[in-house]
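The working numbering puts the first residue of the sequence shown at 50, with every later residue one more than the last. Let me begin by presenting the structure, written as structure tokens, before commenting on it.
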Amino acid sequence: MTDSQPLIGVLAVQGDVREHLYAVEQAGARATTVRRPSEVAAVDGLVIPGGESTTIDKLVRIFELRDPIRQRIDEGLPVYGSCAGMIMLADRITGGRADQETLGGIDITVRRNAFGRQVDSFEEDLHIHAIGGAPMRAVFIRAPWVEECGPDVEVLATVEQGPAAGRVVAVRQGRLLATSFHPEVTGDHRFHQLFVQMVRDARAGARATTR
Ligand SMILES: NC(=O)CC[C@H](N)C(=O)O
50 MTDSQPLIGV
60 LAVQGDVREH
70 LYAVEQAGAR
80 ATTVRRPSEV
90 AAVDGLVIPG
100 GESTTIDKLV
110 RIFELRDPIR
120 QRIDEGLPVY
130 GSCAGMIMLA
140 DRITGGRADQ
150 ETLGGIDITV
160 RRNAFGRQVD
170 SFEEDLHIHA
180 IGGAPMRAVF
190 IRAPWVEECG
200 PDVEVLATVE
210 QGPAAGRVVA
220 VRQGRLLATS
230 FHPEVTGDHR
240 FHQLFVQMVR
250 DARAGARATT
260 R
């Protein structure tokens, strides 16, 4: 792995950080943990892992990462959020605690723990055009779904079976990507490859405009 590979940070305040570090490396980028504002400044892309969004929200504020991350999102930093990370990237939440805030950036409303207690964890094969090839095994763990999408949001995947069929579970808006499910736990790194490609494209665009 060389320095010419993009450096992707994984927000490491809570959640399944290690799995994302591994998946990012398997997808061909360099991976590093992000816990400090200086580390937010150093990365070419950021992953917000699954975990507990109320805790991530609280810790992001305590670690004074909230403003630096929001600023970099505004400046066009590519960010990928899975599950709790999707909640953190949503402009609006329903079913959250009253004091829960998100970082925002994607014009969606997410419903926390949307699949309900009866089926709080499940797996399903999803056909995802953006990553091509075979269907992808999607693992949902107390997952949110996307309740509403703004006009600039591209829907990448919906649930295909059962009572939740048609629910939106993967979206992209500009350089922001989010999934309700956890591709970092399946060994199928195509979603991380898609994100690494978004980071490469953003870097190439930045180089082109500074030349
Ligand atoms: N696996 C997960 O990331 C679960 C998300 C969690 N239910 C939340 O609301 O933050």
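All C-beta atoms, glycine included, are put in the ideal place defined by N, C-alpha and C.
Quick check: does the Cβ of residue i come within less than 8 Å of any heavy atom belonging to ligand 1?
i, result
"Thr-103", "yes"
"Ser-53", "no"
"Ala-61", "no"
"Pro-232", "no"
"Ala-219", "no"
"Pro-86", "no"
"Cys-198", "no"
"Gly-134", "yes"
"Arg-119", "no"
"Gly-99", "yes"
"Asp-141", "Strictly speaking, residue 141 in this sequence is Arg, with Asp absent from that position. Result no, Cβ not under 8 Å from ligand 1."
"Arg-161", "yes"
"Ile-190", "yes"
"Gly-165", "no"
With distances taken Cα to Cα, identify the nearest neighbour of residue i among the options.
i, options, result
"Arg-119", "Ile-190, Phe-164, Gly-154 and Leu-60", "Gly-154"
"Val-96", "Glu-113, Leu-126 and Gly-236", "Leu-126"
"Leu-138", "Glu-113, Ile-105 and Ala-163", "Ile-105"
"Ala-61", "Gly-77, Ser-102, Ala-76 and Gln-54", "Ser-102"
"Lys-107", "Thr-143, Ala-91 and Gln-63", "Gln-63"
"Val-248", "Ala-76, Arg-67 and Gly-144", "Ala-76"
"Phe-164", "Cys-132, Glu-150 and Arg-115", "Cys-132"
"Glu-209", "Leu-175, Val-245, Gly-236 and Cys-198", "Leu-175"
"Glu-150", "Val-109, Val-234 and Ala-255", "Val-109"
"Val-202", "Val-159, Asp-148 and Ala-147", "Val-159"
"Gln-222", "Ser-87, Cys-198 and Gly-215", "Cys-198"
With DSSP as the reference, please indicate the residues paired to residue i in a beta bridge.
i, result
"Phe-171", "Phe-189"
"Val-128", "Leu-95 and Leu-225"
"Val-202", "Answer is none; Val-202 lacks a bridge partner."
With the cut-off set at 9 Å, would you say residue i and residue j are in Cβ contact?
i, j, result
"Ala-219", "Ile-177", "yes"
"Ala-253", "Gly-94", "no"
"Gly-99", "Gly-134", "yes"
"Val-195", "Ile-157", "yes"
"Pro-193", "Ser-229", "yes"
"Ile-67", "Phe-112", "At residue 67 the sequence reads Arg, which differs from the Ile that was named. Not in contact: Arg-67 and Phe-112 (Cβ atoms no closer than 9 Å)."
"Val-204", "Val-217", "yes"
"Thr-82", "Leu-56", "no"
"Arg-161", "Ile-136", "yes"
"Tyr-71", "Phe-240", "no"
"His-231", "Asp-65", "yes"
"His-69", "Glu-233", "yes"
"Leu-243", "Ala-179", "yes"
Assign residue i to one of three DSSP states: helix, strand, or coil.
i, result
"Gly-1", "In the structure as shown, the chain begins at 50 and stops at 260. Residue 1 is therefore absent and cannot be evaluated."
"Gln-222", "strand"
"Leu-70", "helix"
"Ala-183", "coil"
"Glu-197", "strand"
"Ile-111", "helix"
"Ala-139", "strand"
"Asp-250", "helix"
"Ala-133", "helix"
"Val-208", "coil"
"Ile-177", "coil"
"Ala-147", "coil"
"Thr-235", "coil"
"Asp-156", "strand"
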